[in-house]
Each structure stands twice: as C-alpha cells, then as structure tokens.
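Following: one structure in structure tokens, then a few remarks.
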Amino acid sequence: MPWDEGLYGPAREIAETDESPLCVVAGPGTGKTFALMRRVARLLEQGVEPGRILLVTFTRVAANDLERELRRLRVRGVDRVRKGTLHSFCFATLQQAAVLAFIGRVPRPMLKFEERFLLEDVQGEDFGDYYARRTRLRALGAAWARQQDQEPGWPTDEVDRRFYWAVDEWLRFHEAILLDELVPLTLAYVRNNPACTERRQFDHVLVDEYQDLNPAEQTLIHLLGEGGSVAVAGDEDQSIYETLRFAHPEGISGYVQAHNAYPVGLDESRRLPTRIIEIAGELISNNVQRTGRTLTASAGNCEGDIDVVQWDTMEEEVDGIASFVSHKVTSGEFDPGQTLVLCPRRDFGFMIRDALVQRGCPAHTFFHQELLKADSKRLDESRTQQAFTLLTLLARPGDRVALRCWLGFGSQNLLRGEYRHLREHCSLDCGPTEALDQMVAGSLSIPYTSHITARYRQFCQLRSHLAGASAQEIVDTLFPEEDPWTEPFRATIEQCSEGFTLHDVFDALRTSVTQPELPTDVDYVRIMSLHKAKGLNADHVVVTGCIEGLIPSRDSRVPPRMARRAVEEQRRLFYVAITRPRKTLVLSSSLRLPVALAYKMGANVRGGEHDYVDTIGSTLVGELGPRCPRAVRGEEWTY
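Counted the way the numbering used here counts, the sequence shown spans residues 1 to 639.
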C-alpha cells in the first residue's frame, strides 16, 4: 500500500513535512493515527533504518491499534520499528543499561493495591493523611513537577524530600519498584549521562496522545529525540489524567510556543455523526482553559441518533438498558461487537453484564485492574486481593511485598504498628520471612506482633495443605469456580496451555491485571469505564450512571483553587465518552440508588427513604446544547 494513499489536506501535510518539532492537534475521528502511520511509512520508504524510529503511545490499547495500522501498510521493515508505551520502553532501558543494578534496586513492579500498604507504612508528621500521601506518591511519578511549567527532577520541597527517602527505604527493604518510578529513573539516567546510547538512538520520535503525558514523560521524550526529529500528536480536549498523573492539557495546547514547533491541525471528523459533534462542541466550550478549536463534520457523515433517558431507580436503569441493548441486538439493528456500554463504576458494569447475559446477549466487562484496586474508605478485605496475594506467595516464596500485604489484610490500619516492630528487628542477615519462621517455631519473640504472627501462621497452614497439589488444584482453592468474583481470573487462567504450572498462572494473571487487553474485533458487547474507552470507538455507545457525583465525579478534598480544574477534567472525560460512537449515543441516569451502593460509589446523594437515597441527573448533560434531545422517563422511552 503506497504511503500516501487516502491522504488529504492536513493529513498529507503531517505525513510529508520534514519540519521538526511537529505538533499535530487533532480532535476525535479526524484521522490522527492514520496520518502518523503514513508518516512512518514514508520514512521507511525513504530508507530510514526502522530501528531508529521510536513510536510512543500512552496505553497498550493505542499501541495495539498502531501495530495493526502499521501492518496494514505492508511496508518493508515496519515490524522492526520501536513501538510501545513509554513505561515499557523505560523498563527495558533500565534493564539493558543495568541502571537498577547500579543503584541497588530490584525490578519487582508493585501493583496499585499493594501501594496502599506502602502508604500506610510511610508515616510522617508533615506527610498528611492517606490522600495527601497518595498525591505525593503520584507527584513522584511526575518527577515532582506538579505543574506544566515546573522542571521535573529532584524534589525541591523539604517535605517531598523526606517523603521520597521514606518511600525509597520502604521499596529497598521490600525489594520492589513502583511502576510510576520507571519514567523518573530513566529520565535521571538519560539526563545525567549525555554520552549514553539512548541520547543518540533515534532519528525520529513520534508520540501519540501527548496531552496524557506528565512533564517528566514529556521531558524524557525530547531528550530521546534531541538528535533527530520529534512529532507529537494530541488533543487538549481529551486530556483526562491531570488528577491521576499530573498530566496537563497545556502540554499539547502550549506545545507550539514552548518548542517553536510547526503546527498542523486536524479538525474535520470523518467518523462522528454531525449531531454528536454539535453537542460535544457545546459541552467542551464550557471549559475556559482551552484554546477554542472547533470540530467539524465531513460532508458524508450521518446525523446520528441521541437519546437521553432517566429511570426511577438504579435497578430499573440496569434492566432498561439491558432490555434496550438486547432488543437491538436480537432485531439485528446492533452488532454486539460494535456496542459499548460505559459505566462510571464497575458496579453498574457488572449488573448490566449479568442482565444482558440473562437475556441471551453476549457481554463482557473489562474492569480487571479495578478488581484489585484498594479502597481506602473501608477495611481492606478484598477477596480478590487476598487470593492474588496468596498466589504470589506460593509462586514466588519470599516475595516481601506480598508478605507485607498478607500480614495486614483485615485490619483498619493494616497492622502498621506490629509490622514496624518486625521491620525494626530485620537486618541484612534476617529478612521478614526468616524472622516470622522463627516466631512461628517459637525460637524468636518480638513484642507486640501477635496478630501478624497469627496471620503468617495461617499462610503456613495453607501452604502445608497445598504442598504437592497440582496447579489446577491450587487455582480451585484460591479461585473457587462457584464464586462469581473469580470469573475474570478463571477466564484468564483457562487461556494457559495444557499442563500449566503455578508460575504460568501467576504470570498470566499479573499480565491480565497490569496490561489488560481491550480487544476490538469481538462478537459481544463490551462494558468498561469511561477512562478505559479512550482510543476506542463503536457504532453504538451507551453511557450509564449520568448522575452528580459519578459523572462528574467530585472530590470534596480538592482545594477550592483546584476545583475548577477538576471539573474541567471531568468535562473532558465526558467529552471523550460521548465522542466514541459512529451512529448511536444513549445517555442514561436514575433518580434513586440503593443506599449502601450509593455511598460505596461516591455518588452525590441526599435524603431518601427506606433503602434508597435520592440523587439528580448530571449537570454535564445539561451543557450539551439545543441539539441534544430532552430527557424522557424510562417507561416512556420508545426505541
């Protein structure tokens, strides 16, 4: 396929220009990925060595999309282009350059739920409460650059420094590394070693979804591309990781001025229906901190169908949406593989999935990572976390992070005090496992450690019980088939080859949790979070749970000066959700939620009666403008 086939206007300019740095600002459905891949194809056909091209994506989903697009081009050498997420590149770099070995760190990545135990152990009078410490930990991942104009690097704030040293000490003792450390460590290595090969490794660096990178990641990109050309692409209106990762929309909106870059804009959407473009434009225009670009529709775009519907209760919403989707699939109007259901919380997703399956409509949820997500508001008694932790300890005896987690499960403060006594006893010659073995055997006594000793004794009993058991028998013990929560785990395990070992199970589950796949060529309805839908599109999209407190999500702990930015980020997230469909968009809400579930999900609720509390529809729906239809009651909805 010729590299210039199908190119037009600005897309052709992106592929052809030799200007560097290049900044592509592209709205949803405008062909950004298409143009970037054609730029890669042109470089290869001009004789550029494939290995000297680096193509960086923000997520594995985006990486897979780019991989497929590159293969379609059938250009010689395309399989040797360096491509993937920045984190995977950094992990490989730190290993190949032996950086971790030099600085005495162990490449055992921590899962997000495991970080809950680190944060409980890392205490300091100035570190703040759990939420403040969690925010500092996120700042570490941005190399302490909390604002777009800050220089990433060593923390300059005294409290940040002491917090970092406490975290570093914890990680060294537990022989682990944070995933969020990978970029700052690689940045420090590349920045402090100007003669390293990584500074001369690439002639062309191309970055997709640049607006989702934090300042540390952006700085690293430009160090990697300083010897060649850099092309970045993104959309400030789809920047949705400011709260989670300190990414800022200013990263792309201010790129041209900050880097004296050559600008190219893609504003004509060839995918989105005209009505959806109009309501999305009305919505995002309420963000005052944006440059004010306008997305337009191609001449041949369909008008699109939009419905806004509200139900009395959450149960009625679940039942109504499941009936709608299953009816459309059964009648042949919807292809299940081209139908997305987006939910602000996994509880919605699981309920809708079950309702669809009961109606004979194939559906799968994609909340695997959330299944292991720690909830700091309640006692950490997650069966999924405990089962995975036990699997880790059985597959990797002596894993200190998993041991710490197992000892603390079920306690309000995760047995922080008792565990501190254990750590204080340990030395280079005696790790926590050795000390606990001696304590259980009665040859060692450490004051104030009775509860963690009992927890370790429970593990020893289970390990003894499973001694000699097959991998399948261990799976059946930890993930019982009759328990619904084990379904996604067992589904992953079933993909292991015949005669699998315990290590095979561990590797498969860990990969599934940390690098979840979002297949695009499917024959079932996909149900997922709004964040996870980023980069995907489908013919038909249903957004559920459009109520205050969920869409938009509001955090009462956010300082007033940050509240506006938080609301604008939530508006951008909603913008991402409603710009996924090619044909149909349904926005759904309910007025009453089960009281326990409402508080668990963090919805904005008031009063109520019996077992329900009251809420209201999302204010963001009211910002969609005159082209958005009026909301109708569920029982009056005709489809």
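Glycine is no exception: its CB is placed at the ideal position from the N, C-alpha and C atoms. None of these values were measured; they are calculated from a predicted model.
Exposure of residue i, with buried meaning 16 or more beta-carbon neighbours within 10 Å
i, result
"residue 632", "exposed"
"residue 18", "exposed"
"residue 570", "buried"
"residue 15", "buried"
"residue 9", "exposed"
"residue 255", "buried"
"residue 406", "buried"
"residue 302", "exposed"
"residue 103", "exposed"
"residue 529", "buried"
"residue 448", "exposed"
"residue 445", "exposed"
"residue 374", "Low confidence applies here, because residue 374 scores a pLDDT of 48, under 50, leaving its location unreliable; read the following figure in that light. Answer is buried; the Cβ neighbour count reaches 16."
"residue 377", "Only weak support is given to the placement of residue 377: the predicted model assigns it a pLDDT of 38, under 50, and the question is left unresolved by the model."
"residue 310", "buried"
"residue 658", "Within the shown structure, residues of the chain are numbered from 1 to 639, placing residue 658 beyond reach of any answer."
For residue i, the first and last residue of its enclosing alpha helix (DSSP H)
i, result
"residue 87", "86 to 96"
"residue 599", "595 to 601"
"residue 40", "32 to 45"
"residue 216", "215 to 224"
Range covered by the beta strand (DSSP E) that runs through residue i
i, result
"residue 26", "22 to 26"
"residue 310", "305 to 313"
"residue 528", "525 to 529"
"residue 364", "363 to 365"
"residue 343", "339 to 343"
"residue 204", "204 to 207"
"residue 555", "Residue 555 -> no beta strand (DSSP E), and no H or E assigned at all."
From the options, residue whose alpha carbon lies closest to that of residue i
i, options, result
"residue 53", "39, 19, 62 and 59", "39"
"residue 106", "587, 493, 399 and 621", "399"
"residue 428", "476, 113, 175 and 92", "175"
"residue 218", "195, 412, 41 and 246", "246"
"residue 173", "430, 634 and 547", "430"
"residue 240", "553, 630 and 602", "553"
"residue 78", "150, 101, 50 and 402", "50"
"residue 151", "158, 142 and 159", "142"
"residue 458", "409, 501 and 471", "409"
"residue 578", "605, 566, 602 and 546", "546"
"residue 635", "616, 590, 613 and 602", "590"
"residue 437", "94, 397 and 93", "397"
"residue 573", "264, 602 and 543", "543"
"residue 169", "131, 119 and 90", "119"
"residue 525", "223, 353, 480 and 178", "353"
"residue 76", "148, 123 and 46", "46"
"residue 166", "295, 139, 533 and 123", "123"
"residue 300", "156, 268 and 471", "268"
Cβ distance (whole Å) where residue i is taken to contact residue j below 8 Å
i, j, result
"residue 216", "residue 183", "5 Å"
"residue 212", "residue 58", "5 Å"
"residue 386", "residue 372", "Incorrect: roughly 10 Å between the Cβ atoms, too far for contact."
"residue 86", "residue 56", "5 Å"
"residue 629", "residue 308", "6 Å"
"residue 304", "residue 274", "7 Å"
"residue 90", "residue 186", "4 Å"
"residue 432", "residue 403", "6 Å"
"residue 592", "residue 313", "5 Å"
DSSP state of residue i mapped onto helix, strand, coil
i, result
"residue 405", "helix"
"residue 581", "strand"
"residue 131", "helix"
"residue 298", "coil"
"residue 288", "coil"
"residue 571", "helix"
"residue 109", "strand"
"residue 638", "coil"
"residue 263", "strand"
"residue 633", "strand"
"residue 233", "strand"
"residue 612", "strand"
"residue 55", "strand"
"residue 548", "coil"
"residue 628", "coil"
"residue 139", "helix"
"residue 62", "helix"
"residue 617", "strand"
"residue 496", "coil"
"residue 591", "strand"
"residue 417", "helix"
"residue 382", "coil"
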